[in-house]
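See structure below.
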Amino acid sequence: MRRVRANLTRRALLETAAQLFDERGYAGTSISDISALSGRTSGAIYFHYASKEKLALAVVEEHFASWPRMIEHHRSAGRPALEKLVALSFTVARAFRDDVVVRAGSRLWMERKAIAAPLPTPFVDWIEVVTELLAEARANGELAAGVDPVPAAHSVVCAFFGLHTVSDALDGREHIEQHLHNLWRLLLTALQAHPDPAALLDRVHAARPSPSPVRQPPVDEGVLTRAEA
Numbered sequence: 001m002r003r004v005r006a007n008l009t010r011r012a013l014l015e016t017a018a019q020l021f022d023e024r025g026y027a028g029t030s031i032s033d034i035s036a037l038s039g040r041t042s043g044a045i046y047f048h049y050a051s052k053e054k055l056a057l058a059v060v061e062e063h064f065a066s067w068p069r070m071i072e073h074h075r076s077a078g079r080p081a082l083e084k085l086v087a088l089s090f091t092v093a094r095a096f097r098d099d100v101v102v103r104a105g106s107r108l109w110m111e112r113k114a115i116a117a118p119l120p121t122p123f124v125d126w127i128e129v130v131t132e133l134l135a136e137a138r139a140n141g142e143l144a145a146g147v148d149p150v151p152a153a154h155s156v157v158c159a160f161f162g163l164h165t166v167s168d169a170l171d172g173r174e175h176i177e178q179h180l181h182n183l184w185r186l187l188l189t190a191l192q193a194h195p196d197p198a199a200l201l202d203r204v205h206a207a208r209p210s211p212s213p214v215r216q217p218p219v220d221e222g223v224l225t226r227a228e229a
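Structure (structure tokens):
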């Protein structure tokens, strides 16, 4: 039971730190700030995370850990490959908009030069996933002649994450789904063997599941020891 409570506390601290990192950045967030917002002592924070760098690294690692389940869900969907790709992109876009840990992990990676910790390398896995889906699309006759999945995947990933950077700067990603819809109308015109971006996007939007609740910090129940509190 004590280990369960400690894990809940550790998770709550990570999400509190993510909220501050997302709002203020790495340099603008201190352990004292995290202590004040979380209601935990600095000593309690250091019990779970040896330094601010370790806490930032944990947030970035959690950011990266968010993706495999999303990717596998869309890969295994019984639909054409280009639809899988587009649907996955909207799921990821909503995570960047709605999930504070995902947003904070992205901002911390952008500020990586200020963090004395080895952070995971981004984008490489995304390029690999998009390449695989485009190769599947080519094998199934969905991809336009002359489109090479490898360089096309690199371009798609650059466009997608560039869109997020611009949207974050201009409207805090409030309109990210509309921006992404517009981007896919452009990209699909070049990618599809028989271009009909509007129909594909309509199918993706129609199949969208009910929105998942935004990630919430776990409730830490029970009286904790001083080290766990």
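Read in order, the letters of the sequence shown are residues 1 to 229 in UniProt numbering.
Even glycine gets a Cβ: it sits at the ideal position worked out from N, Cα and C.
Answer yes if the stretch 50-59 comes into contact with the stretch 13-29, meaning at least three C-beta pairs across the two stretches below 8 Å, and no otherwise. yes
Does the structure place the stretch 118-126 close enough to the stretch 175-182 that three or more beta carbon pairs sit under 8 Å? Fewer than three pairs of CB atoms, one per stretch, sit closer than 8 Å, so the stretch 175-182 makes no contact with the stretch 118-126.
For L143, the residue or residues it bridges with in DSSP: L143 is bridged to Q192.
Thinking C-alpha only, which one of F160, V101, S32 is nearest L182? Inspection of the sequence shows that residue 182 is occupied by Asn rather than by Leu. With distances taken between Cα atoms, N182 lies closest to F160.
Among G78, F96, I71, T9, nearest to H164 - alpha-carbon criterion: F96
Within the continuous alpha helix (DSSP H) that includes P118, where are the two ends? Taken as a continuous stretch (DSSP letters only), P118 belongs to no alpha helix (DSSP H), as it is neither H nor E.
Sequence-distant residues of the same chain with beta carbon closer than 7 Å to H48, five excluded per side: T9, R10, L13
Note down the Cα distance separating T189 from L180, rounded to an integer number of angstroms. 14 Å
Suppose the cutoff is 7 Å on Cβ atoms and the five residues either side in sequence are ignored; what does the same chain contact list for A93 look like? I176, E177, L180
Quick one: what does DSSP say H73 is sitting in, helix, strand or coil? helix
Thinking E142 and A207 are a contact (beta carbons under 8 Å), I'd like their distance in whole angstroms, please. Incorrect: roughly 17 Å between the Cβ atoms, too far for contact.
Under a Cβ-count criterion, where at least 16 other Cβ atoms within 10 Å of its own Cβ denotes burial, should S38 be classed as buried or exposed? By the neighbour-count rule (16 or more Cβ atoms within 10 Å), S38 is buried.
Would you mind stating whether L88 and L200 have Cβ atoms separated by less than 8 Å? no
DSSP on R173, reduced to helix/strand/coil? coil
In angstroms, rounded to a whole number, what distance separates the CA positions of A169 and N7? 35 Å
Can you tell which of L187, M70, A144 has its C-alpha closest to the C-alpha of C158? L187
Which of the three DSSP states is assigned to A30 in this structure? According to the sequence shown, residue 30 is Ser rather than Ala. S30: coil per DSSP, three-state reduction.
Starting from residue 230, trace the alpha helix (DSSP H) both ways and give me its first and last residue. Nothing about residue 230 can be read from this structure; the chain reaches only from 1 to 229.
Quick one: give me the first and last residue of the alpha helix (DSSP H) that D99 is part of. Element bounds for D99: n/a, residue is neither H nor E.
Taking C-beta to C-beta, are G28 and V59 nearer than 8 Å? no
Please work out which residues of its chain come closer than 7 Å, Cβ to Cβ, to V130, disregarding the five sequence neighbours upstream and downstream, and give them in chain order. L85, A153, V156, V157
Tell whether a beta-carbon distance below 8 Å holds between H63 and V102. yes
Pick helix, strand or coil for T131, following the three-state DSSP scheme. It is helical.
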